[in-house]
Amino acid sequence: MGSGRDAEFTDYMSARMPALRRLARLLCQDWTKADDLLQAAMTKTYIHWSKAARAENIDAYVRAIVVREFVRERRASWAQRVSLTDQPPDRALAAPDQEGILDLRAAVAALPPRQRAVLVLRYYCDFNVYQAAQALDCTPGTVKSQTAKALDTLRRLMGEGHTPSSRSRPTAQLAKLTLGG
Amino acid sequence: MLERALTELFDRQAGEEPPPIRASISDALHSGRKRARRRLVIAVGAPLFAAVAMLAVAVATGLSHPAPIRPAQHGKPLHWLPLAPLQFNPLVPYVKFGWLPQGGTATAVTDGRSTVFMSAVGPQLTSWQVSIFARGDCSLEEARLACRDLTPLQDPRATHKAPNVDGFPAYWDFPNTLIFEYARGGWATLSLHGPDGQVGNAARATAVHIAQALRFGAPSGPVWFPARVTGLPPGWAIRSVLFSYSRYGPVAGSYQIAPGTLLATPWFDATDIPEIMIGPASQQPASCPVTPGNSQQTTLNSYPVIILQIPAGQEPAEQSLCATDADGLAVSIVISGNQPPISVSQLFTRIRLLGADPAQWTTKPIG
Chain A
21 MGSGRDAEFT DYMSARMPAL RRLARLLCQD WTKADDLLQA AMTKTYIHWS KAARAENIDA
81 YVRAIVVREF VRERRASWAQ RVSLTDQPPD RALAAPDQEG ILDLRAAVAA LPPRQRAVLV
141 LRYYCDFNVY QAAQALDCTP GTVKSQTAKA LDTLRRLMGE GHTPSSRSRP TAQLAKLTLG
201 G
Chain B
27 MLERALTELF DRQAGEEPPP IRASISDALH SGRKRARRRL VIAVGAPLFA AVAMLAVAVA
87 TGLSHPAPIR PAQHGKPLHW LPLAPLQFNP LVPYVKFGWL PQGGTATAVT DGRSTVFMSA
147 VGPQLTSWQV SIFARGDCSL EEARLACRDL TPLQDPRATH KAPNVDGFPA YWDFPNTLIF
207 EYARGGWATL SLHGPDGQVG NAARATAVHI AQALRFGAPS GPVWFPARVT GLPPGWAIRS
267 VLFSYSRYGP VAGSYQIAPG TLLATPWFDA TDIPEIMIGP ASQQPASCPV TPGNSQQTTL
327 NSYPVIILQI PAGQEPAEQS LCATDADGLA VSIVISGNQP PISVSQLFTR IRLLGADPAQ
387 WTTKPIG
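Read top to bottom, the protein sequences are chains A and B.
Count along the first sequence from 1, then add 20; that gives the number in this note's numbering.
Count along the second sequence from 1, then add 26; that gives the number in this note's numbering.
In structure tokens form, the structure reads like this:
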């Protein structure tokens with residue numbers, strides 16, 4: 021590895037590390053885990069530095085690495101489909117613990133990683149659905165459905181199930197339906 | 027608006043005074059160089075290692091076998107081992123957990139045509155996630171398990187050797203993902219997540235045990251559906267099912283149906299594919315989203331429903347239909363995409379709801 025490459029990487033990271041750390045903190049909802057994520061993402065960025073340095077938008081490229089590393093680490097690629105219920109089967113559906121989850125911060129922290137990542141990209145990074153899809157390496161349709169699911173889940177967790185919504189549906193509630201008894 | 031509240035929350039969190047940073051650029055340089063070297067060694071060395079291994083096998087067997095032989099199961103030759111299916115049948119779950127540690131419970135399963143995903147949770151927030159891929163869906167190339175149904179960034183990498191699983195070689199994507207061949211030509215992964223993200227040797231040994239005890243075939247019987255769709259053109263079929271286990275057997279909570287042309291698309295691409303979410307109306311009935319201008323309240327098949335139509339713009343079009351209580355069932359149908367093969371209303375009018383009593387449900391959801 022050339023020293024020029026190392027110097028370029030170091031210069032870039034020195035300037036951008038605080039912003040990347042804030043992004044990681046929002047994804048993880050925890051500073052300690054954020055630093056672990058940032059470390060892993062920086063390592064990955066270094067390995068792919070020649071590609072990153074040539075990227076049209078290097079910030080977007082590196083942010084995508086952070087987000088994908090976050091999702092990958094938690095192996096949440098299919099969590100959107102299988103983590104919809106955390107209740108053991110064969111039990112009646114319990115009412116949501118609305119008293120236990122009182123604020124938006126707690127509700128966001130309770131979201132599955134991929135849904136949280138979509139919200140951070142769209143409402144913090146201000147990405148549109150196509151940019152978010154590129155960052156997450158998925159289809160715009162997936163971003164849309166993940167956003168809707170995430171917002172639905174937040175509303176449910178916060179007890180706003182009846183709030184009119186532009187693009188929401190009762191996915192989470194329905195997905196949690198199990199047989200009573 | 028929730029969206030605005032989220033933006034404010036994220037801005038506020040991002041502006042918080044952070045604790046001293048633990049990540050370091052020099053560590054990234056150090057580990058990055060190390061990993062880059064290892065990637066180079068694997069890329070260059072794998073073919074050489076394979077050639078040496080083949081030569082060793084050939085010598086050991088008196089050159090009687092032209093190809094390397096993998097370990098046999100229970101003393102049987104490899105060709106006696108079962109062949110992985112080329113395709114799964116979403117109506118009949120192909121795999122089930124055969125063993126979980128004490129306190130462990132299977133929580134959710136989804137079954138597609140080329141992939142099966144399952145999860146289970148155990149004590150202290152431990153969880154296991156199993157992905158089973160159909161024959162030919164994945165290949166292990168240069169230590170990377172490339173799968174059609176995973177995006178390249180999700181591909182697991184074989185970084186360490188793991189104990190064999192039922193006689194087949196297995197690998198770790200260290201520290202927490204086991205990669206193994208569950209039958210000839212069929213790959214699987216098992217990811218484990220421990221409390222606080224910690225995964226130790228004991229947890230890895232448990233994961234291997236779980237993998238070895240998986241039951242394949244049709245271990246749990248067919249999935250039961252609370253509705254039947256009739257009058258669809260030929261070729262329509264179930265694409266995937268998200269189900270849970272109940273005392274009645276597997277029961278569907280959400281499923282996708284699609285015409286033949288869309289059945290084989292990767293599972294993560296659900297564009298233009300109707301998804302039906304259905305189950306008994308719970309003690310706390312689901313509410314239907316309403317957007318003035320885009321929502322329409324109407325009656326279909328004598329059930330009050332709300333239809334939401336969002337035209338294509340910067341984002342693909344989306345249509346959904348929602349009924350909070352239709353004969354004791356809550357129903358939601360969603361189609362996202364600009365060229366849906368059917369509308370949500372057309373689909374709903376073709377659905378015969380079977381009520382909240384599972385005794386009346388069906389294993390034939392189409393036709």
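Beta carbons: idealized from backbone N, C-alpha and C, even for Gly.
None of the values given here were measured: they were computed from a predicted structure.
Exercise. Which chain B residues sit within Cβ distance under 7 angstroms of ARG42 (chain A)?
Worked result: As a first step, residue 42 (chain A) is located in the first sequence; it is residue number 22 there, counting from the start. The contacting residues are ALA40.
Exercise. Are PRO300 (chain B) and GLN282 (chain B) closer than 8 angstroms when you measure CB to CB?
Worked result: Working through the second sequence from its first residue, we reach residue 300 (chain B) at position 274. Working through the second sequence from its first residue, we reach residue 282 (chain B) at position 256. Going by beta carbons, PRO300 (chain B) and GLN282 (chain B) fall inside the 8 angstroms limit.
Exercise. Listed in chain order, which residues of the region 278-297 of chain B have Cβ atoms closer than 7 angstroms to some Cβ of chain A?
Worked result: So the close ones are GLY279, SER280, PHE294, ASP295, ALA296, THR297.
Problem set entry | Minimum C-alpha distance to VAL234 (chain B) - residue among B:THR203, B:ARG254, B:TRP213, B:ARG210 | Here residue 234 (chain B) corresponds to residue number 208 of the second sequence, with the count starting at 1. Nearest to VAL234 (chain B) by alpha-carbon distance, out of B:THR203, B:ARG254, B:TRP213, B:ARG210, is B:THR203.
Exercise. In chain order, what residues of the same chain lie with their CB nearer than 6 angstroms to the CB of TYR150 (chain A), ignoring the 5 residues before and after it?
Worked result: Here residue 150 (chain A) is taken as the residue at index 130 of the first sequence, counted from 1. Cβ neighbours of TYR150 (chain A) beyond the five flanking positions: PRO160.
Exercise. Would you call the CB atoms of VAL87 (chain A) and LEU156 (chain A) closer than 8 angstroms?
Worked result: Counting from one through the first sequence, the residue named residue 87 (chain A) turns up at place 67. Counting from one through the first sequence, the residue named residue 156 (chain A) turns up at place 136. Taking the C-beta atoms as reference points, LEU156 (chain A) is found nearer than 8 angstroms to VAL87 (chain A).
Exercise. Three-state secondary structure (DSSP) at PRO330 (chain B)?
Worked result: The residue you call residue 330 (chain B) lines up with position 304 of the second sequence. Strand, per DSSP.
Exercise. Quick one: is GLN59 (chain A) buried, meaning 16 or more other Cβ sit within 10 Å of its Cβ, or exposed?
Worked result: In the first sequence, the residue the question calls residue 59 (chain A) occupies position 39. Looking at its Cβ environment, which holds 16 or more other Cβ atoms inside 10 Å, GLN59 (chain A) is buried.
Exercise. Would ALA246 (chain B) count as contacting chain A if we go by Cβ distances under 8 angstroms?
Worked result: By one-based count along the second sequence, residue 246 (chain B) stands at place 220. Residue identity differs from the one stated: residue 246 (chain B) is Ser in this sequence, not Ala. No - not a single Cβ of chain A is within 8 angstroms of the one on SER246 (chain B).
Exercise. Taking 8 angstroms as the CB-CB limit, is GLY129 (chain B) close to chain A?
Worked result: Mapped onto the second sequence, residue 129 (chain B) falls at position 103. So no, GLY129 (chain B) is outside the interface.
Problem set entry | Under 7 angstroms by beta carbon: chain B residues contacting ALA55 (chain A) | The count along the first sequence starts at 1 and reaches residue 55 (chain A) at position 35. Reading off the sequence shown, one finds Asp at residue 55 (chain A), where the question assumed Ala. Against chain B, the beta carbon of ASP55 (chain A) has neighbours under 7 angstroms at ILE47, ARG48, ALA49, listed in chain order.
Exercise. Any beta-carbon of chain A closer than 8 angstroms to the one on SER371 (chain B)?
Worked result: For the purposes of this step, residue 371 (chain B) is identified with residue 345 of the second sequence, where counting begins at 1. Not closer than 8 angstroms to any Cβ of chain A, the Cβ of SER371 (chain B) fails to qualify, so no.
For this session: Report all residues from its chain with a CB closer than 7 angstroms to the CB of GLU89 (chain A); omit the five preceding and five following residues, and keep chain order.
Result: The residue given as residue 89 (chain A) occupies position 69 in the first sequence. Annotation for GLU89 (chain A): LEU57, ALA60, ALA61, LYS64 place their beta carbon closer than 7 angstroms to its own, counting only its chain and skipping 5 residues before and after.
For this session: Spell out the partners DSSP gives ASP19 (chain B) in its beta bridges.
Result: Residue coverage of chain B in this structure runs from 27 to 393, which leaves residue 19 (chain B) outside it and unanswerable.
For this session: Quick one: list the residues of chain A neighbouring GLY212 (chain B), beta-carbon separation under 9 angstroms, in chain order.
Result: Mapped onto the second sequence, residue 212 (chain B) falls at position 186. The premise fails here: GLY212 (chain B) is roughly 17 angstroms from chain A at the closest Cβ pair, so nothing lies under 9 angstroms.
Exercise. Would you say ASP353 (chain B) reaches chain A, if we count a Cβ-Cβ gap shorter than 8 angstroms as a contact?
Worked result: Locating residue 353 (chain B) in the second sequence gives position 327, counting from the first residue. Interface with chain A (8 angstroms Cβ-Cβ cutoff): ASP353 (chain B) is excluded.
For this session: Could you tell me whether the Cβ atoms of GLY261 (chain B) and ALA110 (chain B) are closer together than 8 angstroms?
Result: In the second sequence, residue 261 (chain B) corresponds to position 235, counting from 1. In the second sequence, residue 110 (chain B) corresponds to position 84, counting from 1. Contact flag unset, no.
For this session: Could you check what DSSP says for THR65 (chain A) in three-state terms: helix, strand or coil?
Result: If you number the first sequence from 1, residue 65 (chain A) lands on position 45. In the structure shown, THR65 (chain A) sits in a helix (DSSP, three-state: H, G or I).
For this session: Count the other C-beta atoms from every protein chain shown that fall within 10 angstroms of the C-beta of ALA160 (chain B), then say buried if there are 16 or more, exposed otherwise.
Result: Taking the second sequence and counting its residues from 1, one reaches residue 160 (chain B) at position 134. Burial call: buried.
Exercise. Tell me the DSSP bridge mates of VAL360 (chain B)?
Worked result: Counted from its first residue, the second sequence places residue 360 (chain B) at position 334. Beta-bridge pairing by DSSP links VAL360 (chain B) to B:GLU301, B:SER346.
For this session: Mind checking which residues open and close the beta strand (DSSP E) that includes GLN282 (chain B)?
Result: Position 256 of the second sequence holds residue 282 (chain B). Secondary structure note for GLN282 (chain B): its beta strand (DSSP E) is the uninterrupted segment 275-284.
Problem set entry | Short Cβ contact (8 angstroms threshold) for GLY138 (chain B) with PRO116 (chain B) | Against the second sequence, residue 138 (chain B) aligns to sequence position 112. Against the second sequence, residue 116 (chain B) aligns to sequence position 90. Yes, they are a contact pair.
For this session: In angstroms with no decimal places, state the Cα-to-Cα distance between PRO248 (chain B) and VAL360 (chain B).
Result: As a working note, residue 248 (chain B) is residue 222 in the second sequence. As a working note, residue 360 (chain B) is residue 334 in the second sequence. Near 25 angstroms, if we compare the C-alpha coordinates of VAL360 (chain B) and PRO248 (chain B).
For this session: Under 7 angstroms between beta-carbons, which chain B residues line up against TYR143 (chain A)? List them in chain order, please.
Result: For the purposes of this step, residue 143 (chain A) is taken as the residue at position 123 of the first sequence. What TYR143 (chain A) touches in chain B: GLU29, LEU32, THR33, PHE36.
Problem set entry | Within-8 angstroms CB hit, VAL140 (chain A) to chain B | Within the first sequence, numbered from 1, the residue matching residue 140 (chain A) stands at position 120. With a threshold of 8 angstroms between beta carbons, VAL140 (chain A) makes contact with chain B.
Exercise. How about GLU167 (chain B): is its C-beta nearer than 8 angstroms to some C-beta of chain A?
Worked result: Position 141 of the second sequence holds residue 167 (chain B). Not one chain A Cβ lies under 8 angstroms of GLU167 (chain B).
For this session: Please compile the residues from chain A whose C-beta is within a distance smaller than 8 angstroms of the C-beta of GLY363 (chain B).
Result: Residue numbering aside, residue 363 (chain B) sits at position 337 when the second sequence is read from its first letter. What GLY363 (chain B) touches in chain A: GLY161.
Exercise. What residues match up with THR325 (chain B) in a beta bridge as DSSP calls it?
Worked result: Translated into the one-based positions of the second sequence, residue 325 (chain B) becomes position 299. Per DSSP, B:PRO330.
Exercise. Does DSSP classify ASP181 (chain B) as helix, strand or coil?
Worked result: For the purposes of this step, residue 181 (chain B) is identified with residue 155 of the second sequence, where counting begins at 1. In this structure, DSSP gives ASP181 (chain B) a state outside helix and strand, which the three-state scheme calls coil.
For this session: Give the range of the alpha helix (DSSP H) segment to which ARG142 (chain A) is assigned.
Result: Sequence index remark: in the first sequence, residue 142 (chain A) carries index 122 (1-based). Looking at the DSSP string, the run of the alpha helix (DSSP H) that includes ARG142 (chain A) is 133-143.
Problem set entry | Cβ neighbours of TRP198 (chain B) in the same chain (closer than 8 angstroms, five flanking residues each side left out) | Along the second sequence, one-based indexing puts residue 198 (chain B) at 172. Counting only Cβ-Cβ distances below 8 angstroms, and skipping sequence neighbours, we find ALA184, THR185, HIS186, LYS187, ALA188, LEU204, ILE205, ARG230.
Exercise. Going by the beta-carbon positions, is the gap between SER152 (chain B) and HIS219 (chain B) smaller than 8 angstroms?
Worked result: For this step, residue 152 (chain B) is matched to residue 126 along the second sequence. For this step, residue 219 (chain B) is matched to residue 193 along the second sequence. The question names Ser, but residue 152 (chain B) is Thr in the sequence shown. With contacts defined by Cβ atoms closer than 8 angstroms, THR152 (chain B) and HIS219 (chain B) form a contacting pair.
For this session: Evaluate contact between the region 41-50 of chain B and the region 33-48 of chain A, counting only Cβ atoms and requiring at least three cross-stretch pairs below 8 angstroms.
Result: With a cut-off of 8 angstroms on Cβ pairs, the region 41-50 of chain B is in contact with the region 33-48 of chain A, counting three or more such pairs.
Exercise. How far does the alpha helix (DSSP H) with ALA253 (chain B) in it reach, from first residue to last?
Worked result: Within the second sequence, numbered from 1, the residue matching residue 253 (chain B) stands at position 227. Counting along the chain, ALA253 (chain B) falls outside any alpha helix (DSSP H), though it belongs to the beta strand (DSSP E) covering 253-255.
Exercise. Who are the near neighbours of ALA153 (chain A) in its chain, counting only those whose CB is closer than 8 angstroms to its CB and skipping five residues on each side?
Worked result: Taking the first sequence and counting its residues from 1, the one referred to as residue 153 (chain A) is at position 133. Excluding positions up to five away in sequence, the list reads THR159, PRO160, THR162, VAL163.
For this session: Mind checking who GLY194 (chain B) pairs with in its DSSP beta bridge?
Result: What you label residue 194 (chain B) is simply residue 168 of the second sequence in a count that begins at 1. Correcting the residue type first, residue 194 (chain B) is Phe in the shown sequence and not Gly. Assignment of beta-bridge partners to PHE194 (chain B) by DSSP yields B:VAL191.
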